[in-house]
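These notes concern the structure reproduced below.
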Amino acid sequence: MTPRFRRRRLMLAVGMAAPVVAFIAVVLATLSWPDYDQSRQYLSELGGLHAPAPWLFNSMVVFAGVSAAVAGVGFALALLALDGSRWAAGVTAAAFILAGVGMVVAGLIPWPDPRHRLVNLGLFIMFAPLCLIWGLARVREMRRLRWFLALVFIAMAVLTVLTRHLVFKGLVNDFNVGWWERGFALVLIGWTGVAAWALERRLVALSRGQA
């Protein structure tokens, strides 16, 4: 007998694994470049022309992009399984898929090629927490996840304002931009693993007939 929600749970498992794999790949790519300055250099430079092992970073970006698209469909199907809004499910999937396309293209076309800037499509994932909150609005058991998603969105909004130099223009500068980018990337990607785990656990509970 096929376990209930098996495909949805597998897609969510991809969402849980992606941040871990991405973190490991960045660590390995950084270790392969002893002279790499984490405070001043951007993450994309790990896959650029001067990187000693660019394939490490670029393959991670491609993997993260494909994983984002798969996880986005998993999030959408999980919302439908929990009787969430169909519109919210569709917009959630679209945000993840657009982000995934941007990351795949950026991984296949490394920095400093101008087309690498399509990685900015990954910023669409910033709106996914709001879509998930919308989709889970009627699911009482997901209240803590909704609070988590709200905090994640606030954190990403603040980081966007700061790193785009909209306020406190001297806070992010050439001497620390690398650390800011890493912090932003950690929040931007890391939350998906937590949300995927919470939704997967809820689907497990439903499959076992628990309230």
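If you read the sequence shown in the working numbering, its first letter stands for residue 1392, the second for the next number, and so on.
The beta-carbon is built from N, C-alpha and C at its ideal position, and this holds for glycine as well.
What does the alpha-carbon distance come out to for the pair residue i and residue j?
i: L1579; j: I1516; result: 7 angstroms
i: V1549; j: K1560; result: 13 angstroms
i: W1424; j: I1524; result: 40 angstroms
i: F1396; j: N1567; result: 45 angstroms
i: R1477; j: V1464; result: 12 angstroms
i: M1533; j: A1586; result: 10 angstroms
i: R1555; j: L1562; result: 11 angstroms
i: G1406; j: V1558; result: 33 angstroms
i: Q1429; j: V1510; result: 20 angstroms
i: W1446; j: V1457; result: 16 angstroms
i: I1545; j: S1598; result: 33 angstroms
i: V1411; j: A1467; result: 22 angstroms
i: L1403; j: L1536; result: 15 angstroms
i: I1531; j: M1547; result: The amino acid at residue 1531 is misidentified as Ile; the sequence shows Arg. Between R1531 and M1547, the C-alpha separation is close to 25 angstroms.
i: W1571; j: P1520; result: 21 angstroms
i: G1493; j: C1522; result: 19 angstroms
i: A1596; j: G1481; result: 24 angstroms
i: P1501; j: V1495; result: 10 angstroms
i: F1539; j: L1512; result: 23 angstroms
i: T1551; j: G1526; result: 24 angstroms
i: A1589; j: G1569; result: 31 angstroms
Where does the unbroken alpha helix (DSSP H) through residue i begin, and where does it stop?
i: N1449; result: P1445 to A1472
i: P1520; result: A1519 to G1526
i: W1502; result: No alpha helix (DSSP H) contains W1502, which DSSP labels as neither H nor E.
i: F1559; result: Counting along the chain, F1559 falls outside any alpha helix (DSSP H), and DSSP gives it neither H nor E.
i: W1582; result: V1568 to S1598
i: A1548; result: R1534 to T1554
i: R1398; result: R1397 to L1422
Residue i: which of the options sits nearest, CA to CA?
i: V1418; options: A1485, L1403, S1458 and A1444; result: A1444
i: A1541; options: T1583, L1553, A1485 and A1455; result: T1583
i: G1438; options: S1458, W1570, T1554 and G1498; result: G1498
i: F1414; options: R1593, V1595, A1587 and A1576; result: A1576
i: A1408; options: R1593, G1581 and R1592; result: G1581
i: A1442; options: R1431, A1420, S1458 and P1520; result: A1420
i: D1565; options: L1521, P1410, A1416 and R1431; result: R1431
i: S1573; options: S1435, A1404 and R1400; result: Checking the sequence, you will find Arg at residue 1573 rather than Ser. Measuring from the Cα of R1573, the nearest candidate turns out to be S1435.
i: A1460; options: Y1433, A1490 and A1480; result: A1490
i: V1543; options: L1553, V1552, G1526 and F1518; result: F1518
i: A1416; options: F1448, L1401 and L1440; result: F1448
i: G1475; options: L1594, R1529, Y1433 and L1590; result: R1529
Given 8 angstroms as the limit, is there contact between the segment 1464-1477 and the segment 1504-1512, that is, 3 or more CB pairs closer than that?
-> no
Given 8 angstroms as the limit, is there contact between the segment 1450-1457 and the segment 1473-1485, that is, 3 or more CB pairs closer than that?
-> no
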